[in-house]
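Everything below concerns the one structure shown next.
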Amino acid sequence: TDLSRIRNFSIVAHIDHGKSTLADRLIQLTGTVAERDMKEQLLDAMDIERERGITIKANTVRIEYPAQDGHTYILNLIDTPGHVDFAYEVSRSMQAVEGSLLVVDATQGVEAQTLANVYQAIDADHEIVPVLNKIDLPAAEPDRVKEQIEDVIGIEAHDAIEISAKTGLGIPDVLEAIVARLPAPTGDRDAPLKAMLVDSYYDPYLGVVVLIRVIDGVIKKGDRVRMMKTGGTYQIDRLGVFRPKMQDIAELGPGEMGFLTASIKQVRDTRVGDTITHEKRQCDTALPGFKPSQPVVFCGLFPVDSNDFEDLRDAIEKLALNDASFSSEMETSAALGFGFRCGFLGLLHLEVIRDRLEREYDIDLITTAPSVIYHVHMKDGTMQELHNPADMPDLTHVDHIEEPRIKATILVPDDYLGDVLKLCQDRRGIQLDLTYAGSRAMVVYDLPLNEVVFDFYDRLKSVTKGYASFDYQMIGYREDFLVKMQILVNDEPVDALSIMVHRDRAEMRGRAMCEKLKELIPRHMFKIPIQAAIGGRVIARETLAALRKDVTAKCYGGDATRKKKLLEKQKAGKKKMRQFGKVEIPQSAFINALKMD
Ligand code: GDP
Ligand code: MG
Numbered sequence: 006t007d008l009s010r011i012r013n014f015s016i017v018a019h020i021d022h023g024k025s026t027l028a029d030r031l032i033q034l035t036g037t038v039a040e041r042d043m044k045e046q047l048l049d050a051m052d053i054e055r056e057r058g059i060t061i062k063a064n065t066v067r068i069e070y071p072a073q074d075g076h077t078y079i080l081n082l083i084d085t086p087g088h089v090d091f092a093y094e095v096s097r098s099m100q101a102v103e104g105s106l107l108v109v110d111a112t113q114g115v116e117a118q119t120l121a122n123v124y125q126a127i128d129a130d131h132e133i134v135p136v137l138n139k140i141d142l143p144a145a146e147p148d149r150v151k152e153q154i155e156d157v158i159g160i161e162a163h164d165a166i167e168i169s170a171k172t173g174l175g176i177p178d179v180l181e182a183i184v185a186r187l188p189a190p191t192g193d194r195d196a197p198l199k200a201m202l203v204d205s206y207y208d209p210y211l212g213v214v215v216l217i218r219v220i221d222g223v224i225k226k227g228d229r230v231r232m233m234k235t236g237g238t239y240q241i242d243r244l245g246v247f248r249p250k251m252q253d254i255a256e257l258g259p260g261e262m263g264f265l266t267a268s269i270k271q272v273r274d275t276r277v278g279d280t281i282t283h284e285k286r287q288c289d290t291a292l293p294g295f296k297p298s299q300p301v302v303f304c305g306l307f308p309v310d311s312n313d314f315e316d317l318r319d320a321i322e323k324l325a326l327n328d329a330s331f332s333s334e335m336e337t338s339a340a341l342g343f344g345f346r347c348g349f350l351g352l353l354h355l356e357v358i359r360d361r362l363e364r365e366y367d368i369d370l371i372t373t374a375p376s377v378i379y380h381v382h383m384k385d386g387t388m389q390e391l392h393n394p395a396d397m398p399d400l401t402h403v404d405h406i407e408e409p410r411i412k413a414t415i416l417v418p419d420d421y422l423g424d425v426l427k428l429c430q431d432r433r434g435i436q437l438d439l440t441y442a443g444s445r446a447m448v449v450y451d452l453p454l455n456e457v458v459f460d461f462y463d464r465l466k467s468v469t470k471g472y473a474s475f476d477y478q479m480i481g482y483r484e485d486f487l488v489k490m491q492i493l494v495n496d497e498p499v500d501a502l503s504i505m506v507h508r509d510r511a512e513m514r515g516r517a518m519c520e521k522l523k524e525l526i527p528r529h530m531f532k533i534p535i536q537a538a539i540g541g542r543v544i545a546r547e548t549l550a551a552l553r554k555d556v557t558a559k560c561y562g563g564d565a566t567r568k569k570k571l572l573e574k575q576k577a578g579k580k581k582m583r584q585f586g587k588v589e590i591p592q593s594a595f596i597n598a599l600k601m602d
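Reading the sequence shown from the start, the letters are residues 6 to 602 in UniProt numbering.
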């Protein structure tokens, strides 16, 4: 294909601003999919992702567009993950294309992820076409939003395209703008093969499917190729493009995007950013490559029923096949038995994996307190990475502890600014910046990651009635006065509830957790002390009163079917409980005890 007839682009947007709907329209209008196969959100593949409206893996689709100039163009759209947890994945896939459509909801304006994503597009040297979506809605204010794009992002927006991805209004203009305003790729067809490994995923039927972008040279089915970073060599079984269904193709040349399969066993054998070249005729310089994304949040996953351990192991292995950023190793806990310590890119990633384990593999799980990675500096000058509070070394050997910090950017309407500042302040934040754009404030805070992983996002949404948007990036490690807090239930420490906490916040957190647990643990026949302690010192205490016998007597009385139902319910409930000494703690207590209201 003539390079001047190719355009490669991504769509960047804040969540819910209409990225998927626009992608669907572009695919539909160009007849890439027969009308009868058209279903909502063609690109969001997995069910959970579809429900949550997020995409984790990059995805491409090839669209053929007959433009007004009489030529047919190949448009390759790359769909990127839409959530802050996956920001690094977004930045990598941006490197594979030359331009971006910047979609902004004309009723909402610029949000935190609009900014984060568009800056990544700018960093990747993209040409950017602003698109104002949802102009069918009466609340749309395209002129105000154009001004905002210019003020806040600093890019030209007077020629932004006004569309409704829902009704289809303006979509032809978007297609013309892609052709007219985005640059064509460059590359040399005669040079040795150089292709970028954009992403990969595991398909149960095909094995590992690799998404590629050809820079130079031509790749064909049957070719023997070499991955320059990993050194692996493979023969290409299948080469194709997504339209959006897989379609085989004889070859891919410079500027083109597509997929290959080559009997690769695991996603781990592929390195995103790696350079694919021919085994016989290699290119001399590899692409710069990327760092693999590192898990930042860790937690323990234990089966509620210890008989499910083997099933859990199998399920985790299957999920890990498709997700190189998810890590796991076996863990044993005195109270919870055998389980896994797992690492995630963020809380959403954690929730997605946990949901999949529970729903697709039908395993009830206890999720222990999420923890970030601390740097524990020992008196002998060595440093230990602490992924699990339970592994905290003896304090007499510890010199100091450092914790990861983030730079958080929050956009919020003026009315809620006070609440947002208070929330950030309460979470040990340091204000870095505060600016205004119209009636919205943009606040930038330096915050400890451990204060954000539990429930910061939920709290932010609730204090701003959903009007705030939030994005963050890691900025590094800093020393602070951190301690390990244990929870004792009926005088026994429950290590799954141990957390690292700032000394000044320990009493408050300890009290809150004891109060929460008092509500979450059902009454027993005896009274149960619930305590929070640092070292051997108790800093908070609650007592769960004993069950009064007559209460049970009353509910069991009378009609037999009701009694049977009650017993069945209890049995089902039991499955979701875990025994700690003499006390049964429900599964839900482990995460809920950590939430702060
Ligand atoms: P994404 O998160 O950016 O992929 O957003 P979606 O494409 O999933 O859209 C979010 C919501 O906005 C969905 O309920 C869409 O139906 C709706 N939506 C998208 N585009 C339009 C539009 O042009 N007009 C209206 N009224 N609703 C839209
Ligand atoms: Mg979407």
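The beta-carbon is built from N, C-alpha and C at its ideal position, and this holds for glycine as well. Because the structure is a prediction, the values reported are computed rather than measured.
{"Check": "Less than 7 angstroms between C-beta atoms, sequence neighbours within five positions excluded: which residues of the same chain meet that for I411?", "Outcome": "L452, L454, V457, Y477, Q478, M479 and I480"}
{"Check": "I need the straight-line Cα distance from Y561 to L426, nearest angstrom please.", "Outcome": "Low confidence applies to Y561: its pLDDT is 48, below 50, so where it sits in the model is not reliable, and the reading given next is rough at best. Between Y561 and L426, the C-alpha separation is close to 51 angstroms."}
{"Check": "In the DSSP output, what is R229 paired with across the bridge?", "Outcome": "Q240"}
{"Check": "Please classify K151: is it buried, with 16 or more other beta-carbons within 10 angstroms of its beta-carbon, or exposed?", "Outcome": "buried"}
{"Check": "Identify the continuous beta strand (DSSP E) that holds V157 and give its terminal residues.", "Outcome": "Looking at the DSSP string, V157 is not in any beta strand (DSSP E), and its letter there is neither H nor E."}
{"Check": "Identify the continuous beta strand (DSSP E) that holds N138 and give its terminal residues.", "Outcome": "E132 to N138"}
{"Check": "Would you report the Cα separation of residue 2 and Q118, rounded to the nearest angstrom?", "Outcome": "An answer regarding residue 2 cannot be provided, because it is not within the stretch 6 to 602 covered by the chain."}
{"Check": "Rounded to the nearest angstrom, what separates A442 and M582 at their Cα positions?", "Outcome": "50 angstroms"}
{"Check": "Using a threshold of 7 angstroms, is the CB atom of I281 nearer than that to any non-hydrogen atom of ligand 1?", "Outcome": "no"}
{"Check": "Quick one: residues in its chain with C-beta nearer than 6 angstroms to the C-beta of V17, no 5 flanking neighbours on either side, listed in chain order?", "Outcome": "S105, L107, N122, V123 and A126"}
{"Check": "Confirm the yes/no value for this check: CB of A255, any heavy atom of ligand 1, distance under 7 angstroms.", "Outcome": "no"}
{"Check": "How is M335 classed by DSSP in three states: helix, strand or coil?", "Outcome": "strand"}
{"Check": "Apart from the five residues just before and just after T172, which ones in its own chain have a Cβ nearer than 7 angstroms to its Cβ?", "Outcome": "D141"}
{"Check": "May I ask whether a heavy atom of ligand 1 can be found less than 7 angstroms away from the beta carbon of D141?", "Outcome": "yes"}
{"Check": "Tell me whether G344 is buried or exposed, calling it buried when 16 or more other Cβ atoms sit within 10 Å of its Cβ.", "Outcome": "buried"}
{"Check": "Taking just the CA atoms, how far does I154 sit from I160?", "Outcome": "7 angstroms"}
{"Check": "Per the DSSP calculation, A538 is bridged to which residue(s)?", "Outcome": "Q491 and V543"}
{"Check": "Is any non-hydrogen atom of ligand 4 found closer than 7 angstroms to the C-beta of A18, if you look at the structure I gave you?", "Outcome": "Within the structure as shown, ligand 4 is missing, the only ligands being ligand 1 and ligand 2."}
{"Check": "Does the Cβ-Cβ distance between E132 and P188 come in under 8 angstroms?", "Outcome": "yes"}
{"Check": "Check F461 in the structure and name its three-state DSSP category.", "Outcome": "helix"}
{"Check": "In its own chain, which residues sit with a C-beta less than 6 angstroms from the C-beta of residue 5, not counting the 5 before and 5 after it?", "Outcome": "The shown model of the chain, from 6 to 602, leaves out residue 5, and the question about it has no answer."}
{"Check": "How is E261 classed by DSSP in three states: helix, strand or coil?", "Outcome": "coil"}
{"Check": "Note down, in chain order, each residue of its chain lying with its Cβ closer than 7 angstroms to the Cβ of M530, except the 5 sequence neighbours on either side.", "Outcome": "A551 and L552"}
{"Check": "Residue 2: beta carbon under 7 angstroms from a heavy atom of ligand 1?", "Outcome": "This structure gives no information on residue 2, because the portion of the chain shown stretches from 6 to 602."}
{"Check": "Note the first and the last residue of the continuous beta strand (DSSP E) segment covering T372.", "Outcome": "L370 to T372"}
{"Check": "Please state the DSSP three-state secondary structure of Y421.", "Outcome": "helix"}
{"Check": "Please state the DSSP three-state secondary structure of F343.", "Outcome": "strand"}
{"Check": "At which residues does the beta strand (DSSP E) containing G305 begin and terminate?", "Outcome": "V302 to P308"}
{"Check": "Around the C-beta of K559, are 16 or more other C-beta atoms found within 10 angstroms, so that it is buried, or is it exposed?", "Outcome": "Unreliable placement is indicated for K559, whose pLDDT of 48 sits below 50; no coordinate value is reported for it."}
{"Check": "The alpha helix (DSSP H) spanning V448 covers which residue range?", "Outcome": "Not the alpha helix (DSSP H): V448 falls in the beta strand (DSSP E), residues R445 to P453."}
{"Check": "Identify the residues that DSSP records as bridge partners of K412: which are they?", "Outcome": "D451 and Q478"}
{"Check": "Taking the C-alpha atoms as reference points, what is the distance between P300 and D279?", "Outcome": "20 angstroms"}
{"Check": "Under the three-state reduction of DSSP, which class applies to D385: helix, strand or coil?", "Outcome": "coil"}
{"Check": "Looking at the secondary structure, which residues open and close the beta strand (DSSP E) in which N81 lies?", "Outcome": "T77 to D84"}
{"Check": "In chain order, what residues of the same chain lie with their CB nearer than 6 angstroms to the CB of V102, ignoring the 5 residues before and after it?", "Outcome": "N13, F14, S15 and I83"}
{"Check": "Check whether the Cβ of K24 sits closer than 7 angstroms to any heavy atom of ligand 1, and report yes or no.", "Outcome": "yes"}
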